[in-house]
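Engineer:
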Amino acid sequence: MRPETWYAASQPQPARPGVAGVIEVETAIVGGGLAGLTTALALARAGQKVAVIEAQQVGFGASGRNGGIVSPAFACGSDAIEARVGRDAARALHRLTIEGVERVRATIRELNITGAQPVDGLLNLRRHDRAQDLKDWVQDWARTYEYPMTYLDRAAIRERLASDRYLHGVADPQAFHIHPLAYLLGIASEIENLGGLVLENSPVLSHELGPVKRLRCARGEVQARRVVFAMGGYTTRLVPALKRAILPIATYMIQTAASPDLAQAIRTTEAVLDDRRNSDYYRLVDGGRRLLWGGRISTRDASARGVAKSLRAAMHEVFPQLDGIRIERAWSGWMGYARHLMPQIGRLGPEEWHITAFGGHGLNTTAVAGKILAEAILGETDRIALFSPWGLSWAGGPFGLIAAQMTYWGLQLQDRWRERGL
Ligand SMILES: Cc1cc2nc3c(=O)[nH]c(=O)nc-3n(C[C@H](O)[C@H](O)[C@H](O)COP(=O)(O)OP(=O)(O)OC[C@H]3O[C@@H](n4cnc5c(N)ncnc54)[C@H](O)[C@@H]3O)c2cc1C
5 MRPETWYAAS
15 QPQPARPGVA
25 GVIEVETAIV
35 GGGLAGLTTA
45 LALARAGQKV
55 AVIEAQQVGF
65 GASGRNGGIV
75 SPAFACGSDA
85 IEARVGRDAA
95 RALHRLTIEG
105 VERVRATIRE
115 LNITGAQPVD
125 GLLNLRRHDR
135 AQDLKDWVQD
145 WARTYEYPMT
155 YLDRAAIRER
165 LASDRYLHGV
175 ADPQAFHIHP
185 LAYLLGIASE
195 IENLGGLVLE
205 NSPVLSHELG
215 PVKRLRCARG
225 EVQARRVVFA
235 MGGYTTRLVP
245 ALKRAILPIA
255 TYMIQTAASP
265 DLAQAIRTTE
275 AVLDDRRNSD
285 YYRLVDGGRR
295 LLWGGRISTR
305 DASARGVAKS
315 LRAAMHEVFP
325 QLDGIRIERA
335 WSGWMGYARH
345 LMPQIGRLGP
355 EEWHITAFGG
365 HGLNTTAVAG
375 KILAEAILGE
385 TDRIALFSPW
395 GLSWAGGPFG
405 LIAAQMTYWG
415 LQLQDRWRER
425 GL
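So the number in our numbering is just where the residue sits in the sequence shown, counting from 1, plus 4.
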């Protein structure tokens, strides 16, 4: 079943066949999100016969219902990455995240995905009065990565947003936002154009991982020489080693009704993100007529009504003038996080691979990770080794979820403390 999102409502999605009888391919990929599909696309482009097996419809998971913001970085902060692997490897990893941004843009152009045309620009804004580190950040990225950004003061922000909440910020003109479901469906169609199979409504229920991999569904099985598991925050006990390494964390979005007031409050087509640990992000869509607003995380999947209330309150705190605007839709999705917050890309056994744990930063990172995993499978490069310091460590099970929720609440309090009096 398709989730009730603005993306699903604005993007027709063709029905695809399911797994029936015995299907033989070279590589079977379990999970039809962006991690699975970008890997499948890279393999299909190299001439491999692939089958993507999706439990629901492709894009059913986080990939088809996310914020649509494509920007560099991992879910894990750069200081933590550097502390783990040193400066050179951290920089190499960061360059990959920029490559991921460029890959999304290139894929949309090459496949002519008209419904996912990039809208340039991201404002990364701050709600408390410390600015020097933002200026240092802009300088450092220009010097280290030749990545141009601009520091914004309060007046420059006010020109774009009719809100008193923001004191400082950074404009990133190379980041952009897209319709993520349209992007994903464009990739799925291209896999089919290249002779690959995209199979839906076929949860893989069990498997046998000998020299021939057998992925069993209710009405048939896929047999392959190689398997890739890409089940994100929807990972089941199908692969216990992956299940124990993933923390599923829910996050939320709302979509407003059309209103001319929106364009007066938000006078930019750029996406907006604040730098709180409890970050709010939003952007105008539908030619500026509607607003998508995202934020909040939880280890339990809260009801859509509760979500709408909480996100609406967040929106009014920034833009009190939008008080009367109706919320048309609210939805949630599961992100998959590793305890260390880095993606988990690697090998489980002979010809058994995994690509997962992209957290809340999956659009750019799946684009580059899928390519890197395909390069490893095809024996073309060893770029995958950059991710080996972050293995499939135990995420803590129920204790991990409790710890994640407590950490989040603690960070919310810290955000409030930093912004006190504003
Ligand atoms: C509300 C929200 C907002 C977000 N905003 C952004 C953003 O603005 N920018 C950004 O970069 N990232 C964002 N993210 C994160 C990003 O969406 C994810 O990191 C990324 O989509 C993960 O892709 P994935 O393929 O790993 O997982 P998913 O897209 O979740 O795909 C996993 C798929 O596996 C399938 N599956 C599971 N088990 C089986 C099985 N047994 N058999 C067959 N199929 C199975 C599921 O049905 C699912 O479709 C957001 C996430 C959410 C939820």
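Positions of the beta carbon are idealized from the N, C-alpha and C atoms, including for glycine. This structure is a prediction, so every number in the text was calculated from the model and none was measured.
At the 9 Å Cβ level, is L266 part of the contact set with chain C, yes or no?
Structural biologist: The structure shown contains no chain C, having only a single protein chain.
Engineer: Can you grab the Cα-Cα spacing for the pair L251 / T360, in whole Å?
Structural biologist: Taking the straight line joining both Cα atoms gives about 11 Å.
Engineer: Is it true that the CB of M346 sits closer than 9 Å to the CB of W398?
Structural biologist: no
Engineer: Tell me whether the region 224-239 and the region 73-89 touch, counting them as touching only if at least three CB pairs, one residue from each stretch, are closer than 8 Å.
Structural biologist: no
Engineer: Identify every run of the beta strand (DSSP E) within the region 281-352, keeping only runs that are complete inside it and at least 3 residues long; order them along the chain.
Structural biologist: 285-289, 294-302 and 331-341
Engineer: If you run the structure through DSSP and keep just helix, strand and coil, what is V89?
Structural biologist: Secondary structure at V89: helix, using DSSP grouped into helix, strand and coil.
Engineer: Taking 9 Å as the threshold (C-beta atoms), are A24 and Q61 in contact?
Structural biologist: no
Engineer: Mapping the DSSP letters down to three states, classify V105 as helix, strand or coil.
Structural biologist: Reduced to three states, the DSSP call for V105 is helix.
Engineer: List the endpoints of the continuous alpha helix (DSSP H) containing I191.
Structural biologist: P184 to N197
Engineer: Here's a check: name, in chain order, each residue in its chain whose Cβ is nearer than 6 Å to the Cβ of T154, leaving out the five neighbours to either side.
Structural biologist: A175
Engineer: Run through DSSP, which three-state label would R49 get?
Structural biologist: helix
Engineer: Cutting at 8 Å between CB atoms, please list the residues of its own chain near R158, excluding the five before and the five after it.
Structural biologist: Y170, L171 and H172
Engineer: So, are the CB atoms of L277 and Q348 less than 9 Å apart?
Structural biologist: no
Engineer: Is it the case that the region 203-223 contacts the region 328-338, given that we only count it when at least three CB pairs across the two stretches are under 8 Å?
Structural biologist: no
Engineer: Is the region 204-220 in contact with the region 181-188, if contact means three or more CB pairs nearer than 8 Å?
Structural biologist: no
Engineer: DSSP puts M257 in a beta bridge; with which residues?
Structural biologist: G298 and W335
Engineer: With respect to the alpha helix (DSSP H) encompassing G366, which residues constitute its N-terminal and C-terminal limits?
Structural biologist: G366 to I381
Engineer: For Q72 versus A275, is the C-beta spacing smaller than 9 Å?
Structural biologist: In the sequence as presented, Gln is not what sits at residue 72; that position holds Gly. Yes, the pair counts as a contact, with Cβ atoms nearer than the cut-off.
Engineer: Taking DSSP as the reference, what is the three-state secondary structure of E384?
Structural biologist: coil
Engineer: Kindly give me the distance between the Cβ atoms of F78 and H365, rounded to whole angstroms, as I take these residues to be in contact under 8 Å.
Structural biologist: 6 Å
Engineer: Could you tell me the alpha carbon to alpha carbon distance between R2 and A317, rounded to whole angstroms?
Structural biologist: Only positions 5 to 426 of the chain appear in this structure, which leaves residue 2 out of reach.
Engineer: Distance check for I258 and A44, CA to CA, integer angstroms please.
Structural biologist: 31 Å
Engineer: Would you call the region 237-256 and the region 92-106 touching, i.e. three or more CB-CB distances under 8 Å?
Structural biologist: Short answer: they don't touch.
Engineer: Go to I161, then tell me how far its beta strand (DSSP E) extends in each direction, as first and last residue.
Structural biologist: Careful: I161 lies outside any beta strand (DSSP E), inside the alpha helix (DSSP H) at R158 to R164.
Engineer: Is Q15 near ligand 1 - that is, is its Cβ less than 8 Å away from at least one heavy atom of it?
Structural biologist: No, the beta carbon of Q15 sits no closer than 8 Å to any heavy atom of ligand 1.
Engineer: Between the region 50-68 and the region 334-343, are three or more C-beta pairs nearer than 8 Å?
Structural biologist: yes
Engineer: Can I85 be considered in contact with ligand 1, in the sense that its beta carbon sits closer than 8 Å to one or more heavy atoms?
Structural biologist: Closer than 8 Å to some heavy atom of ligand 1: that does not describe the Cβ of I85.
Engineer: For S210, write down the residues that DSSP places opposite it in a beta bridge.
Structural biologist: R220
Engineer: Using only alpha-carbon positions, find the residue among R293, K313, R248 and F180 that is nearest to P443.
Structural biologist: Absent from the model: residue 443. The displayed extent of the chain is 5 to 426, so no value can be given.
Engineer: Which residues bound the alpha helix (DSSP H) around L246?
Structural biologist: P244 to K247
Engineer: Between the alpha carbons of D144 and T9, how many angstroms are there, rounded?
Structural biologist: Roughly 38 Å separates the two Cα atoms.
Engineer: When the Cα of P16 is compared with those of T118, Q52 and E356, which residue comes out closest?
Structural biologist: T118
Engineer: Can you find the residues in the same chain that come closer than 8 Å, C-beta to C-beta, to E196, ignoring five residues on each side of it along the sequence?
Structural biologist: V202
Engineer: Per DSSP, what kind of secondary structure is T42 in: helix, strand or coil?
Structural biologist: The answer is helix: DSSP assigns T42 an H, G or I state.
Engineer: Say yes only if the C-beta of P402 is nearer than 8 Å to one or more non-hydrogen atoms of ligand 1, and no if none qualify.
Structural biologist: no
Engineer: To the nearest angstrom, how far is the alpha carbon of D168 from that of T272?
Structural biologist: Between the alpha carbons of D168 and T272 lies a gap of roughly 16 Å.
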